[in-house]
Amino acid sequence: MANSDQRKQRIMEHIKRSITIPQRGFSMNSDSKKQQIMDHIKMTRG
1 MANSDQRKQR
11 IMEHIKRSIT
21 IPQRGFSMNS
31 DSKKQQIMDH
41 IKMTRG
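For the sequence shown, full-length UniProt numbering gives the first residue as 1, with consecutive numbering after it.
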C-alpha cells in the first residue's frame, strides 16, 4: 500500500516539475502527459 502511495507522490512531483517548464502548446502537452500517467497508474494498480 505505502509503496504505491510513494510511487504516486513521486509521479505527482514529476508532473509538477515537468509542468513548470515553459513550452509551446504547454497546456495540451501537460494534459496528455497527465492522461498517460493516469492510464499507467490504472494499469500498474490493476
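Just so it is clear, CB atoms sit at the ideal spot from N, CA and C, and this is done for glycine as well. Note that the coordinates shown come from a computational prediction; the quantities given were computed from them, not determined experimentally.
- Cβ shell of lysine 33 (< 6 Å), same chain only, five flanking positions each side left out: Indexing the sequence shown from 1 puts residue 33 at position 33. Nothing meets the Cβ criterion.
- Rounded to a whole number of angstroms, what is the C-alpha to C-alpha distance between histidine 40 and lysine 16? Residue mapping note: residue 40 aligns to position 40 of the sequence shown, counting from 1. Residue mapping note: residue 16 aligns to position 16 of the sequence shown, counting from 1. Straight-line Cα distance between these residues: approximately 17 Å.
- Query: Relative to the C-alpha of serine 18, which residue among Asp5, Ser4, Ile37 is closest?
  - Reply: Within the sequence shown, the letter at position 18 stands for residue 18. Serine 18 has its Cα closest to that of Ile37, out of Asp5, Ser4, Ile37.
- Check whether the Cβ atoms of threonine 44 and arginine 10 lie closer than 9 Å to each other. In the sequence shown, the residue the question calls residue 44 occupies position 44. In the sequence shown, the residue the question calls residue 10 occupies position 10. No; because the gap between Cβ atoms is not below 9 Å, this pair is not in contact.
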